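The structure under discussion appears below in the form of structure tokens.
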Amino acid sequence: MTESVVERVLRIEGLMARVGDTDILHGIDLEVRPGEVHAVMGPNGSGKSTLSHVLMGRPGYEMTGGSVTLDGVDLLALPTWQRARAGLFLALQHPTEVPGVSLESVVAEATRTDGRTVEGIHDLLVTEASRIGFDERFVSRPMNVDLSGGEKKRNEMLMLGALQPRYAVLDEIDSGLDVDALAAVSRRVQEATEEDGLGVLAITHFSRLLEVLEPDRVHVLAAGRIQAVGGPEMAERLESEGYAGVLAEAGASVGLPRGVTHPDGPDAGFGEDPFADPLV
Amino acid sequence: MQRDLSAYGELAAVVVVRNGWVVETTCSSDAVHVGLYAGPVGDAPDGEALFGGSQEEPVDLFGHLNQAFSPEPVAVVVPDGLRLEAPVVIATLTDADGAAVFPRVLVQVGNDASATVIELHTSTEVDALVAPVLEATVGCDGRLNHALVQELGPRIFQLGHQAFRVGQSGRVDAFAVGLGGDYARTRIDCRLTGRGAEGRLAAAYFGEDDQTLDFRTFQEHAAPDTRSELLFKGALDGSSRSVYTGLIRVRPEAVRTVAHQTNRNVKLSPDAWAESVPNLEIETDDVVCSHASTVSPVDEDQRFFLESRGVPTVAAERLLLEGFFEDVADLAPHPAVAETLRDALADRLDRRDAKSGVEATS
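From first to last, the protein sequence lines stand for chains B and Z. The numbering of the first sequence is our numbering, which starts it at 1 and goes up by one. The numbering of the second sequence is our numbering, which starts it at 1001 and goes up by one.
Below you can see the structure in the form of structure tokens.
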């Protein structure tokens, strides 16, 4: 049986990756379909950022097994810029400062590469800026230079809105944002899922983001594997029980990679969750 | 000798120097009317007094040779109180094969006067030694904007010297663009001798093939409350080399000096080579001084960031390099100079893209 239409899905199967000599991801399975929001939550060091970087092909992050396809396209065979062209967007946890290069010139270059006209780019960016309550001057100033953490994240959303990817990986987009900025950013992502059918993989420590951006599924990542999967209620459970509680129930330990024992004994340090949201 | 200077708009004067000799002088009647002199030093009023204004003795052998053999120095005299809007352009051409050429320019900006002087150094494809000297003085509350755009041919050896001296509350902005020459060395001295004097030095350079571009700078603070800023940026492609050596010297009397020095180099090829040696010599306390220098390839994180937005690698590097020079280009004393720099950069990046395209397909 053959399908005449390509199945629309970002499919991650058995993804393994390493950074330097250290294996970080030990087999990740995840599917994101258009319009869906998937949250990946996990403690520090669980592999969340590695997952986002290896998907986008950041130098230094090496895939060692598994596959990733975007609407049928073998993503990991492509250089970074072609992954973006295929429809993947990565909003960085720490957006890079690029002296002398404006956001507008980058979006224009990407648009030109895509064979589309750059006419109206400026107006589009101005409109996008107003949608997230952002001053339009950020469109033409040097990208992220001397901006606050919140402004950098809004820049990421500005580009997300303008480039209109099919799937977006949001790497801790909520870190460093104040309440208003968080609301504006989450609302914009939510709208993109509804209007454009954007599929979202939101990587986060805390459930605050998910109060506005409601996830279809929540995946709990620890020690390089998805240890538990649930609906939106999973985020609430993580909030109240902490990672340790949820992971203990799932039969997983937290914190140290497999095969590594804590110097104070196998159970040391896991009595209370060291990763719980301090603001709760 | 045809030269398109239309990008400079209205000009106060144009002096054309060929192999060291003044061959053409054009001054706008308005500028002459208000007292500007631009032309051969021999015809300048009290021209003799212009020598040694900013540099008593030549600094090296080539300075001595220039002093001995410069056939017809050009003088630009801006009298006290004259604020000249339109720039003075001095176009210095070398087209004598096998020659040693010694162009010399003497600039005097009087008290409370201001001027923009732009030097364009070019050559045809000849083998020649060019040893240009500039002596420039700025009076009290005077202001000089100077640019030297060096686009010599590929077989020229250039050893140049520019000496600026700035009086009380005066200011010089000196801008250098280094593009041509087989070996091109430029020494720039900025002496702040009056209280509150200010010197801002900027340069952009781009080396290709096996060129060597060499800059030596001196920021000398010899009076209290003086300020100097230096920003030199270069890109090195092919097997080209660059040298930057700079010294900030703060004399004992120069209290409350503020001096900064920044040199950044981008290596575009593994065979390119850049040396950067900043130095400080401070003989008083109560100063604010800093220096910074870097030599590195194109920033990997920045490139990844642009690539992750769908910009191909080659285009991403291009954007980054244009961005790298943008803050220097903003310091150009005239929009046409900034434009020349951007055009030259675009040409070089085109050549680079063409070469990498050839390598990618071979």
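Each residue gets a CB set at the ideal place from its N, CA and C atoms; glycine is no exception. On a predicted model such as this, the values are computed, not experimentally measured, just so you know.
What did DSSP end up calling residue i once you bin it into helix, strand or coil?
i: B:R187; result: helix
i: B:A235; result: helix
i: Z:V1337; result: helix
i: B:E156; result: helix
i: Z:T1217; result: strand
i: Z:Q1108; result: strand
i: B:G133; result: coil
i: B:Q93; result: coil
i: Z:V1166; result: strand
i: B:T50; result: helix
i: Z:G1199; result: strand
i: B:V212; result: helix
i: B:G259; result: The predicted model places B:G259 with a pLDDT of 45, which falls under 50 and marks its position as unreliable, so this point remains unresolved.
i: B:Q82; result: helix
i: B:Q227; result: strand
i: B:D288; result: Because chain B is modelled from 1 through 280, residue 288 of chain B falls outside the range shown and cannot be assessed.
i: Z:N1263; result: strand
i: Z:N1279; result: strand
Residue i CB to nearest chain Z CB: under 9 Å?
i: B:L170; result: no
i: B:M16; result: no
i: B:A235; result: no
i: B:D114; result: yes
i: B:R58; result: yes
i: B:E109; result: yes
i: B:F89; result: yes
i: B:T96; result: yes
i: B:G100; result: yes
i: B:R83; result: yes
i: B:V281; result: Residue 281 of chain B lies beyond the range of chain B shown here (1 to 280); nothing can be said about it.
i: B:S105; result: yes
i: B:M157; result: no
i: B:L92; result: yes
i: B:T22; result: no
i: B:T80; result: yes
i: B:P34; result: no
Please check if any C-beta of chain B sits within less than 9 Å of the C-beta of residue i.
i: Z:A1316; result: yes
i: Z:S1356; result: no
i: Z:L1306; result: yes
i: Z:V1311; result: yes
i: Z:E1367; result: Because chain Z here runs from 1001 to 1362, residue 1367 of chain Z falls outside it and cannot be looked at.
i: Z:L1319; result: yes
i: Z:E1322; result: yes
i: Z:V1016; result: no
Nearest to residue i by CA position, among the options, is which residue?
i: Z:I1232; options: Z:V1107, Z:A1223, Z:S1242, Z:A1354; result: Note that residue 1232 of chain Z is Phe in the sequence shown, not Ile. Cα-wise, what sits closest to Z:F1232 is Z:S1242.
i: Z:G1020; options: Z:D1030, Z:E1072, Z:T1340, Z:S1240; result: Z:E1072
i: B:S207; options: B:I173, B:Y61, B:R188, B:L30; result: B:I173
i: Z:F1069; options: Z:E1085, Z:D1095, Z:A1099, Z:L1120; result: Z:A1099
i: B:R11; options: B:E156, B:V169, B:D29; result: B:D29
i: B:A108; options: Z:L1319, Z:Y1008, Z:A1344; result: Z:L1319
i: B:P215; options: B:W81, B:S175, B:L221, B:G231; result: B:G231
i: Z:L1144; options: Z:V1077, Z:E1253, Z:P1252, Z:P1040; result: Z:V1077
i: Z:D1214; options: Z:E1056, Z:A1176, Z:D1225, Z:R1018; result: Z:A1176
i: Z:L1230; options: Z:S1239, Z:R1351, Z:E1048, Z:T1245; result: Z:T1245
i: B:S67; options: B:E97, B:L90, B:G27; result: B:G27
i: B:G20; options: B:E13, B:G14, B:T50, B:V9; result: B:T50
i: Z:L1050; options: Z:E1057, Z:V1107, Z:A1202, Z:E1275; result: Z:V1107
Under a Cβ-count criterion, where at least 16 other Cβ atoms within 10 Å of its own Cβ denotes burial, should residue i be classed as buried or exposed?
i: B:R116; result: exposed
i: B:G255; result: The pLDDT assigned to B:G255 is 49, lower than 50, so where the model puts this residue is not dependable, and the model offers no usable value.
i: B:E62; result: exposed
i: Z:V1172; result: buried
i: Z:N1263; result: buried
i: Z:D1209; result: exposed
i: Z:E1024; result: exposed
i: Z:V1149; result: buried
- For the stretch 1274 to 1287 of chain Z and the stretch 35 to 44 of chain B, state whether three or more C-beta atom pairs, one from each stretch, are separated by less than 8 Å. no
- Task: Say whether the stretch 1121 to 1140 of chain Z touches the stretch 1155 to 1173 of chain Z, bearing in mind that this needs 3 or more beta-carbon pairs closer than 8 Å, one atom from each stretch.
- Result: yes
- With contact counted as at least three CB pairs below 8 Å, one residue from each stretch, are the stretch 31 to 38 of chain B and the stretch 191 to 200 of chain B in contact? yes
- Query: What residues in the stretch 1288 to 1306 of chain Z bring their beta carbon closer than 7 Å to a beta carbon of chain D?
  - Reply: Here chain D cannot be found, since the structure's protein chains are B and Z.
- Message: Pairs of beta-carbons, one from the stretch 1345 to 1358 of chain Z and one from the stretch 1290 to 1303 of chain Z, closer than 8 Å: are there three or more?
- Response: no
- Any 3 or more C-beta pairs closer than 8 Å across the stretch 1087 to 1098 of chain Z and the stretch 1120 to 1134 of chain Z: yes
- Message: Does the structure place the stretch 1184 to 1196 of chain Z close enough to the stretch 1150 to 1165 of chain Z that three or more beta carbon pairs sit under 8 Å?
- Response: yes
- Task: Evaluate contact between the stretch 1270 to 1284 of chain Z and the stretch 1331 to 1346 of chain Z, counting only Cβ atoms and requiring at least three cross-stretch pairs below 8 Å.
- Result: no
- Cβ contact (3+ pairs, closer than 8 Å) linking the stretch 138 to 155 of chain B and the stretch 94 to 112 of chain B: yes
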